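Residue numbers (my numbering), protein chains in the order written: chain A, 239 to 865; chain B, 23 to 365.
This report concerns only the one structure given below.
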Ligand code: SF4
């Protein structure tokens, strides 16, 4: 036992005596267990450590809507999947190569996804009669031969952890909680990863609880050593670094990226950041993240409801701040009237919608892309709002930054669409140098002579931003229609039409200020273009890459700007015989494109609260190309 | 000091070139005049004043004030005003609202603004009717009221705005009347001087849809007996010769009653002395329940207490954190945690 207390710090170059080491290009690993088993932490640690080795990766945390579902039930199962590789990674992977199941319910829920012949690692201590029944099994699946198609490894994790930690004087519960670190240690061994990053994490995370920290450290190392010594794992793997561009990297998830993008935009514009929000899954983490940034002068306001959140945000915009609100579909629905007000008064406002499954409360913790109509059309009157969408977790940084630029430059509300999958998923991100990011020049109006609140820049059509506190510019704004010249209330019919047009033209005009739509593949056109938006980017790019490697004439384009569309959009689409639009909805972008361009685009739709699998897109590509 | 700050402003400086569009004879005119007369006394330059409103007759108010103004959407003025005040605590931020705007569609924002004690001044024009939509009963209309939407009489129990504000723990709560410009002006100035949220209910006559709603209180010949002017530290006396007063009686000593000095041995010593600074707000709440015909209607400042002010706390927290951890360094933040280099 002394050995377990004092193991050598594992190191990937360490000789793994009898074990055979295999180089693999990639691996998809899924950790699954009860909500309380700490699988999210295990997955995140494994991913972060792998990232530091230079692997490219994408993660997919999948957790239940219930905070603490009854232990051992299938609806309380929490999962975390990571796809890591020595090449570019676009998705968290279709089928896991390795499934870790901490209890019968986790096995039941996740087994159908495991690759045939995949490695199945099970905590057999959790397979008690009660747990087996609670998961809905008639027999113990470990004993009835039903797992014969997989490489089954069963470990008495609970017993191992209890033995390793018995001298620490921890409570039964505290010991049980260390199971995830033990399991992590075992998988670290399996994939030849170093323990140091996680040891550092334990050090900082549990600094206030040294005994718990020690327990977790011991568990982690014990799991690793178990893998090395026990004769259950005959082969260990190694995944080399991917070819990523040179630079300093970290992992980042979508919500964190969105928060940081906002922070950096505030810095680059010199306009203080105000974030008004109301707690809602899966957007709350943006509020959590920004609420830490007091030392950067960030104001966060947790309002009494969604409407107050956007109301205060619009107030802050009026008073001269970089005003952002964030929510998810149901909250955005409540904000709709206020978004209309912001359109009418032409104030800069960024609205982040972290989409989730709908309608109504829908699937709070699952992903969907079904709020595109809401963003484009979900208001009364002719009420144009700019809409952009992030493609990957780290792209949430870029697109939030871009949304701030557009909002400030054009004095307009703008939507940033992300979704639950991007919000919680993470990937390596090359950390930008602040000085390499563009400035966002912003000016408050101060000139009294000839001032009218709705004076416009002739080029951008943006009205002036004159904030309270500026002497001589006292003026009134409001939701009633305004006179084009004076900004006073006007019920004049021709003036109303003119104002409707100028607000629309202002948004349409943004097309002159955004990048063209790029084609990956046959730039000059060809048989098939797959056009995606938002988080479907990864699956589509992977599918198109694979199909092209098989010699198929298929290309890919990603729409990051949805309103206005890049100005070459129609022309690009017309270069191809067919256009396929995969979406996690019933065809909202397809409908929009058909309406705009009278183009017979073909939809591929999935609404299961889950991202597309690469093979689902690949199958449709093959079908459309007659393969 | 800019010239604007040193030059004494007048009522005229706060008038806009916009034609006022309320019905002739509407009580809103008198409130507008009182506000325009009171503002020069605050010593705040016009550019630092913002009027925010929602929707309703009263919400046209900002258009007539030569300050910054925001005519927003129904019920949301306290939320928008909160954002403005939080963004720039230096501004004097006012909300002009009505009984429908503040107590029906915007009830949630009203109570939360008051609970936070954010330094905005909310003036609620209570006419007990929906005017702009042409005459439906409102959340302050008396039960049984016949209106366009209640031809057989309303079955709704009304809100008492002062009780609501006190229930929301507002730190400054007052009531005044459109036809009492001097009183209204004084109350508004005190509201402006208060640190934190101020809530002022103003009885306002809608002469088109609810004419005379307050006549039994405001009429020249009845007002002495129907109004109880409350002032901190003063006994609760009313009537022409201040001969009538409020005494606490009943078995528990918690039941108010109207008594007359000199009758049944009642002297001034028996009369309740009003305390607007009382922390629990119990006396203010008791008074807020007074209704004719049993009791006169209290007019004046019900509650005036100190509590942490939201925008000050929020900004101090930012300063405290900056002091403790130093000014944030964004590049360092981006590079914090586990990072790795690719050559
Ligand atoms: S409807 Fe009533 S409250 Fe509205 S402006 Fe006319 S009189 Fe005044």
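Just so you know, even glycine gets a beta-carbon here, dropped at the ideal spot from N, CA and C.
All values reported here derive from a predicted model rather than from experimental measurement.
- With which residues is residue 346/A paired in a DSSP beta bridge? The residue you call residue 346/A lines up with position 108 of the first chain. Within the DSSP bridge table, the entry for residue 346/A names no partner.
- Among 497/A, 778/A and 384/A, nearest to residue 905/A - alpha-carbon criterion: Look at the range of chain A in this structure, 239 to 865, and you will see that residue 905/A is not part of it.
- Message: With DSSP as the reference, identify every bridge partner of residue 317/A, one or two as the case may be.
- Response: Locating residue 317/A in the first chain gives position 79, where the first residue counts as 1. Paired residue(s): 270/A and 300/A.
- Query: Taking residue 795/A as the reference, which of 802/A, 786/A, 816/A and 770/A has the closest Cα?
  - Reply: The residue you call residue 795/A lines up with position 557 of the first chain. Selection 802/A, 786/A, 816/A and 770/A evaluated against residue 795/A yields 770/A as nearest (Cα-Cα).
- Message: Cβ closer than 8 Å: which chain B residues qualify as neighbours of residue 351/A?
- Response: Working through the first chain from its first residue, we reach residue 351/A at position 113. Those do not exist, as residue 351/A stays about 29 Å from chain B at its closest Cβ, beyond 8 Å.
- Can you tell me the Cβ-Cβ gap for residue 545/A and residue 572/A, rounded? I've got them flagged as a contact below 8 Å. Sequence index remark: in the first chain, residue 545/A carries index 307 (1-based). Sequence index remark: in the first chain, residue 572/A carries index 334 (1-based). Yes, residue 545/A and residue 572/A are in contact; Cβ-Cβ is about 5 Å, under 8 Å.
- Task: Check whether the Cβ of residue 233/B lies closer than 6 Å to any heavy atom of ligand 3, and answer yes or no.
- Result: Summarising the ligand content, the structure contains ligand 1 and does not contain ligand 3.
- Residue ranges of each beta strand (DSSP E) run of no fewer than 3 residues wholly in the segment 262-305 of chain B, ordered along the chain? For the beta strand (DSSP E) assignment, the uninterrupted runs of no fewer than 3 residues enclosed by the segment 262-305 of chain B are, from N- to C-terminal side, 266-271 and 277-282.
- Message: Within 7 Å of any Cβ in chain A, is that where the Cβ of residue 68/B sits?
- Response: If you number the second chain from 1, residue 68/B lands on position 46. Yes, because at least one Cβ of chain A sits closer than 7 Å to the Cβ of residue 68/B.
- Item | Spatial neighbours of residue 746/A in its chain, beta-carbon cut-off 6 Å, leaving aside the 5 residues before and after | To locate residue 746/A, count along the first chain from 1; it is residue 508. Excluding five sequence positions before and after residue 746/A, the CB atoms of its chain that fall closer than 6 Å to its own CB belong to 802, given in chain order.
- Report the residue from 579/A, 354/A and 663/A whose alpha carbon sits nearest the alpha carbon of residue 388/A. Your numbering for residue 388/A matches position 150 in the first chain. Among 579/A, 354/A and 663/A, the Cα nearest to that of residue 388/A belongs to 354/A.
- Query: Are residue 47/B and residue 182/B touching if we call contact CB-CB under 7 Å?
  - Reply: Stepping through the second chain from its first residue, residue 47/B is reached at position 25. Stepping through the second chain from its first residue, residue 182/B is reached at position 160. No Cβ-Cβ contact shorter than 7 Å links residue 47/B with residue 182/B.
- With 16 other CB atoms within 10 Å as the buried threshold, where does residue 714/A fall? Position 476 of the first chain, counting from 1, holds the residue named residue 714/A. Per the 10 Å Cβ criterion, buried.
- Message: On the DSSP bridge list, what partners appear for residue 339/A?
- Response: Reading the first chain from its first residue, position 101 is the one you call residue 339/A. Listed as beta-bridge partners of residue 339/A by DSSP are 270/A and 360/A.
- Message: ligand 1 and residue 50/B: does the residue's C-beta get closer than 6 Å to at least one heavy atom of that ligand?
- Response: Translated into positions along the second chain, residue 50/B becomes position 28. Yes; taking the cut-off as 6 Å, the Cβ of residue 50/B has a heavy atom of ligand 1 nearer than that.
- Message: Within a Cβ cutoff of 7 Å, which residues of the same chain sit near residue 395/A, ignoring the five residues on either side of it in sequence?
- Response: Translated into positions along the first chain, residue 395/A becomes position 157. Contacts found: 361, 363, 417, 420 and 421.
- Going by DSSP, name the residue or residues bridged to residue 662/A. What you label residue 662/A is simply residue 424 of the first chain in a count that begins at 1. DSSP lists no partner for residue 662/A.
- Item | 6 Å Cβ shell around residue 120/B - same chain, five flanking residues per side excluded | Against the second chain, residue 120/B aligns to sequence position 98. Once the five neighbours on either side are set aside, the close Cβ partners of residue 120/B are 78, 80 and 147.
- Item | Runs of beta strand (DSSP E) wholly within the segment 109-169 of chain B (minimum 3 residues, chain order) | For the segment 109-169 of chain B, the continuous beta strand (DSSP E) assignments of 3+ residues that do not extend past its boundaries occur at 114-120 and 142-148, in sequence order.
- Item | Sheet register partners of residue 474/A (DSSP bridge) | Here residue 474/A refers to the residue found at position 236 when the first chain is read from its first residue. When DSSP reads this structure, residue 474/A sits in a beta bridge with 259/A.
- Would you please verify whether the beta carbon of residue 250/A is less than 7 Å from any beta carbon of chain B? If you number the first chain from 1, residue 250/A lands on position 12. Note that residue 250/A scores 44 on pLDDT, short of 50, meaning its location in the model is unreliable and no value can be drawn from it.
- Task: Can you check DSSP and say which residues form a bridge with residue 667/A?
- Result: Within the first chain, the letter at position 429 stands for residue 667/A. BP columns for residue 667/A point to 488/A.
- Query: Listed in chain order, which residues of the segment 86-115 of chain B have Cβ atoms closer than 7 Å to some Cβ of chain A?
  - Reply: Under the 7 Å Cβ criterion, the segment 86-115 of chain B contributes 88, 89, 90, 91, 92, 93, 94, 95, 98, 101, 102, 103, 104, 105, 106, 108, 109, 110, 112 and 113.
- Using a Cβ-Cβ cut-off of less than 7 Å, give me the residues of the segment 306-336 of chain B that come near chain A, in sequence order. Taking 7 Å as the Cβ-Cβ cut-off against chain A, the residues of the segment 306-336 of chain B that qualify are 336.
- Query: What residues of chain A sit near residue 359/B, judged by a beta carbon separation below 8 Å?
  - Reply: Taking the first residue of the second chain as 1, we reach residue 359/B at position 337. What residue 359/B touches in chain A: 488.
- Query: How is the alpha helix (DSSP H) around residue 207/B delimited, first residue to last?
  - Reply: In the second chain, the residue the question calls residue 207/B occupies position 185. Unbroken alpha helix (DSSP H) run through residue 207/B: 203-215.
- Who are the near neighbours of residue 254/B in its chain, counting only those whose CB is closer than 8 Å to its CB and skipping five residues on each side? One-based indexing of the second chain puts residue 254/B at position 232. Within the same chain, Cβ atoms closer than 8 Å to the Cβ of residue 254/B are found at 296, 297, 298, 299, 323 and 326, the five residues on either side in sequence being excluded.
- Listed by chain order, chain B residues near residue 537/A by CB distance under 9 Å: By 1-based counting over the first chain, the position of residue 537/A is 299. Correct list: 108, 109, 336, 337 and 340.
- Message: Let me check one thing: in DSSP terms, what residues is residue 230/B bridge-paired to?
- Response: As a position in the second chain, residue 230/B is number 208, starting the count at 1. In the DSSP assignment, residue 230/B is bridged to no other residue.
- residue 130/B versus chain A: which residues are under 9 Å apart at the beta carbon? Taking the second chain and counting its residues from 1, the one referred to as residue 130/B is at position 108. For a Cβ distance threshold of 9 Å, residue set 542, 543, 545 and 546 of chain A lies close to residue 130/B, ordered along the chain.
- Message: With three or more beta-carbon pairs closer than 8 Å as the criterion, would you say the segment 537-553 of chain A touches the segment 572-581 of chain A?
- Response: Yes, the segment 537-553 of chain A touches the segment 572-581 of chain A.
- Message: Taking 6 Å as the cut-off, is the C-beta of residue 148/B nearer than that to any heavy atom in ligand 1?
- Response: Here residue 148/B refers to the residue found at position 126 when the second chain is read from its first residue. It does not: the Cβ of residue 148/B is nowhere closer than 6 Å to a heavy atom of ligand 1.
- Task: Return yes when at least one heavy atom of ligand 1 lies under 6 Å from the C-beta of residue 44/B, else no.
- Result: Looking up residue 44/B in the second chain gives position 22. The answer is yes for residue 44/B.
- Cβ pair count under 8 Å reaching 3, the segment 268-277 of chain B against the segment 348-356 of chain B: Taking 8 Å as the limit for Cβ pairs, the verdict is that the segment 348-356 of chain B does not touch the segment 268-277 of chain B.
- Option in 140/B, 305/B, 83/B and 85/B with minimal Cα separation from residue 105/B: For the purposes of this step, residue 105/B is identified with residue 83 of the second chain, where counting begins at 1. 140/B is the residue among 140/B, 305/B, 83/B and 85/B whose C-alpha sits nearest the C-alpha of residue 105/B.
- Determine the chain A residues that contact residue 349/B at a beta-carbon separation under 9 Å, and present them in chain order. For this step, residue 349/B is matched to residue 327 along the second chain. Listed along chain A are 533, 534 and 535, each with a C-beta nearer than 9 Å to that of residue 349/B.
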